[in-house]
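Residue numbers (this note's numbering): -11 to 224. All remarks here apply to the structure that follows.
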Ligand SMILES: [Zn+2]
């Protein structure tokens, strides 16, 4: 409504027509309009935020029941009076409604993002596992292994060893690493983890159950897989 119409409706009983009174009422009306404009802008921002959140998660029905038409009227020229004049109390109750709907839309959005991220992580993990299985298969084929139906066939024994290419490749890599280490030892002794209790002990020969002084039981420990295998001696 216009300032004049507002003045007329609101101040008719006290109307005396004096220039001072008109100026005073005009100032009050301007203040009223400024306040309304601020509130309308706040609503407009809230509505835009909700609509963006609702659109992202495609909550079309939510958008309709929050009074889309009422708020969309304010989008270009936010005017509070059009709302106040038709439904003075509704906008205030709608504000809380809009805020809670915005919150729930944002929560849903966050949940959806989380689920999508978890799904993506799962996909990447699966992809990495498949790639690793492919490299393990290449490793086995290079060593003369063949696949028969779902089972890998050991070229030495001719036996099927199952379908787990990564597991088989890891076992082979461990054996190879240990053999390599033994060649390096070449009949001598090496230090091992946990040899603090030994006295005048030259270490472990890489084959026996115990170290040279007989104080500790020693075996091979390992870390890694067929792509990078690390072995060392450790008392247990
Ligand atoms: Zn010893």
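Beta carbons are placed, not taken as given, at the ideal position from N, Cα and C, and that holds for glycine. This structure is a prediction, so every number in the text was calculated from the model and none was measured.
Distance, residue j Cα to residue i Cα
i, j, result
"residue 90", "residue 96", "10 Å"
"residue 199", "residue 208", "12 Å"
"residue 143", "residue 176", "32 Å"
"residue 41", "residue 93", "6 Å"
"residue 139", "residue 110", "27 Å"
"residue 102", "residue 219", "40 Å"
"residue 27", "residue 18", "14 Å"
"residue 185", "residue 124", "41 Å"
"residue 162", "residue 145", "18 Å"
"residue 129", "residue 122", "11 Å"
"residue 214", "residue 148", "19 Å"
"residue 104", "residue 98", "10 Å"
"residue 191", "residue 211", "21 Å"
"residue 115", "residue 108", "10 Å"
"residue 32", "residue 23", "14 Å"
"residue 106", "residue 119", "20 Å"
"residue 9", "residue 100", "59 Å"
"residue 197", "residue 117", "36 Å"
"residue 155", "residue 127", "12 Å"
Where the beta strand (DSSP E) containing residue i begins and where it ends
i, result
"residue 135", "134 to 136"
"residue 215", "Note, residue 215: premise wrong, no beta strand (DSSP E); not H, not E."
"residue 141", "139 to 141"
Extent of the continuous alpha helix (DSSP H) to which residue i belongs
i, result
"residue 185", "Here residue 185 belongs to no alpha helix (DSSP H), and DSSP marks it neither H nor E."
"residue 159", "153 to 173"
Buried or exposed (CB count within 10 angstroms, at least 16 for buried), residue i
i, result
"residue 132", "exposed"
"residue 224", "exposed"
"residue 14", "exposed"
"residue 137", "exposed"
"residue 204", "buried"
"residue 183", "buried"
"residue 11", "exposed"
"residue 221", "buried"
"residue 153", "buried"
Beta-carbon proximity list for residue i, same chain, < 7 Å, skipping 5 on both sides
i, result
"residue 187", "201"
"residue 37", "90"
"residue 189", "183, 199, 200, 201 and 203"
"residue 53", "Low confidence applies here, because residue 53 scores a pLDDT of 40, under 50, leaving its location unreliable; read the following figure in that light. Cβ neighbours of residue 53 beyond the five flanking positions: none."
"residue 178", "191, 192, 194 and 221"
"residue 6", "none"
Own chain, CB closer than 6 Å to residue i, minus 5 neighbours either side, in chain order
i, result
"residue 74", "In this prediction, residue 74 has a pLDDT of 43, which is less than 50 and means its spatial position is unreliable; nothing more can be read from the coordinates."
"residue 194", "170 and 173"
"residue 158", "213 and 214"
"residue 166", "208 and 219"
"residue 206", "180, 192, 199, 221 and 223"
Contact set for residue i: own chain, Cβ-Cβ below 8 Å, skip 5 residues either direction
i, result
"residue 141", "133, 134, 135, 147, 148 and 149"
Ligand 3 heavy atom lying under 7 Å from the CB of residue i
i, result
"residue 129", "What this structure holds is ligand 1, not ligand 3."
Check: Counting by C-beta, which residues lie closer than 5 Å to a heavy atom of ligand 1, in chain order?
Finding: 186, 189, 199, 201 and 203
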